[in-house]
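Residue numbers (my numbering): 8 to 283. Here a beta-carbon is modelled for each residue, glycine too, at the ideal position from N, C-alpha and C. It should be emphasised that the depicted structure is a prediction, and the values quoted were computed from it without experimental measurement. Here's the structure we're looking at; comments come further down.
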Amino acid sequence: MADAADGAGLASALVELHELTRRLRLDCPWDREQTARTIVAHTVEEAYEVADAALAGDSEKLLDELGDLLFQTYFLALLLEERGEGDLEAVARGIHAKLVRRHPHVFGEAEANTAGRVRERWEAIKTEQEGRSGVFHDVPEALPGLLLARKVQRRAASVGFDWPDVAGPLAKIHEEISEVEEELARIGRPAPETEADPRLFAEIGDLLFTVVNLARVVNVDPELALRVTTGRFVARVEGAEYLAAAAGLVWSELDLDAQEAWYERSKADLGSTDAG
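This is the structure:
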């Protein structure tokens, strides 16, 4: 009975949100003006805010941000309904059917005892049951660059085009760094705010792509890893600026050696558990 009560509460909450979405679409001037093209930027922003909350381990913020993202789903589904091209029920039933179809090891007789085997089965099901063709079918080009690279690499790996071990991408990174160094030796450091040298541009791209490949092979999400590192850098620089100000100094007026010294103090104050 407890499960039934919980289910009733969930159903009620979801229906109430559906009704609220409809009300806003009718009565709010801003919501009335929105289209899929105008609202999707907010959807992407909310997804990143969910990621930030999850990475921070902030459960209260995660609850809040998940609500914002859920509303985006409701709103976009309502836009589909207005065009007669689907609705929230179709969205829910569609993902339910897809998840059942892609988990035959849970809902059928297939076997998949590891996460890697599950991913292999997913790719096979997409080809065999969903009519998708080509190695890179349905890869959204609007993905951030790091995630786009990882997704493309995963697709290539799904058909066997992959490094046999970690040594491969590591060696490739060293090779790409050498090529970047060769280009920098040729052109020197370019002036700020000028167009990048085409060959250096290409070599930097190759290096980044290879670093993403290493991250993929060792099960590191490159987008999340970079976001965490960026956040750590921001915290350390802000800490260094604060420490310098407390000593009566202006951070922006310090030379590089002094800034580095305050940065190291900030790093120590924030703790040595973080990498880098």
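Integer Cβ distance of residue i from residue j, believed to fall under 8 Å
i                 : j              : result
phenylalanine 114 : threonine 28   : About 31 Å; that fails the 8 Å criterion.
arginine 32       : aspartate 38   : 5 Å
leucine 214       : isoleucine 194 : Not a contact, Cβ separation roughly 16 Å.
valine 142        : alanine 163    : 6 Å
serine 273        : leucine 250    : 6 Å
valine 51         : leucine 153    : No, valine 51 and leucine 153 are not in contact; Cβ-Cβ is about 15 Å, not under 8 Å.
serine 1          : glutamate 127  : Since the first and last residues shown for the chain are 8 and 283, residue 1 lies out of range.
threonine 217     : proline 151    : Not a contact, Cβ separation roughly 17 Å.
Three-state class that DSSP yields for residue i in the structure shown
i                : result
alanine 9        : Low confidence applies to alanine 9: its pLDDT is 48, below 50, so where it sits in the model is not reliable, and the reading given next is rough at best. Three-state result, alanine 9: helix.
arginine 109     : coil
threonine 201    : coil
leucine 76       : helix
aspartate 65     : coil
arginine 234     : helix
proline 151      : coil
serine 220       : Sequence check: residue 220 is asparagine here, not serine. Asparagine 220: helix per DSSP, three-state reduction.
histidine 88     : First, the amino acid is wrong: residue 88 is glutamate here, not histidine. Helix.
aspartate 94     : coil
leucine 191      : helix
glycine 167      : coil
arginine 30      : helix
glutamine 266    : helix
threonine 2      : The question about residue 2 has no answer, for the chain in this structure spans 8 to 283.
aspartate 213    : helix
glutamine 160    : helix
arginine 3       : With the chain running from 8 to 283 in the structure shown, residue 3 is simply not present.
phenylalanine 82 : helix
Inter-residue Cα distance where the pair is residue i and residue j
i              : j                 : result
glutamine 41   : glutamate 116     : 45 Å
glycine 16     : valine 22         : 10 Å
asparagine 226 : glutamate 92      : 38 Å
arginine 239   : glutamate 88      : 43 Å
alanine 131    : phenylalanine 168 : 15 Å
glutamate 53   : proline 199       : 33 Å
aspartate 71   : leucine 221       : 34 Å
alanine 252    : tryptophan 269    : 10 Å
valine 57      : alanine 48        : 14 Å
glutamine 291  : proline 229       : Given a span of 8 to 283 for the chain in the structure shown, any question on residue 291 remains unanswerable.
glycine 74     : alanine 247       : 36 Å
alanine 122    : tryptophan 258    : 48 Å
leucine 62     : asparagine 120    : 28 Å
alanine 275    : leucine 76        : 37 Å
valine 224     : glutamate 148     : 22 Å
valine 146     : threonine 237     : 27 Å
lysine 287     : valine 125        : The shown model of the chain, from 8 to 283, leaves out residue 287, and the question about it has no answer.
alanine 97     : histidine 144     : 23 Å
proline 197    : glutamate 210     : 15 Å
alanine 232    : aspartate 34      : 42 Å
glutamine 79   : tyrosine 55       : 13 Å
glutamate 284  : alanine 84        : Residue 284 lies beyond the stretch modelled for the chain, which goes from 8 to 283, so this question has no answer here.
Distance cut-off 7 Å: residue i Cβ against heavy atoms of the ligand ADP
i          : result
leucine 62 : Because no ligand of any kind appears in the structure shown, any question about the ligand ADP cannot be addressed here.
Worksheet item: Touch check for the region 236-243 and the region 255-268: three-plus C-beta pairs under 8 Å?
Response: Contact fails: fewer than three Cβ-Cβ distances are below 8 Å.
Discussion item. Under 8 Å, with one C-beta from each stretch per pair, do the region 196-211 and the region 165-181 reach the 3-pair mark?
Written reply: Because the criterion of three Cβ pairs below 8 Å is not met, the region 196-211 and the region 165-181 do not touch.
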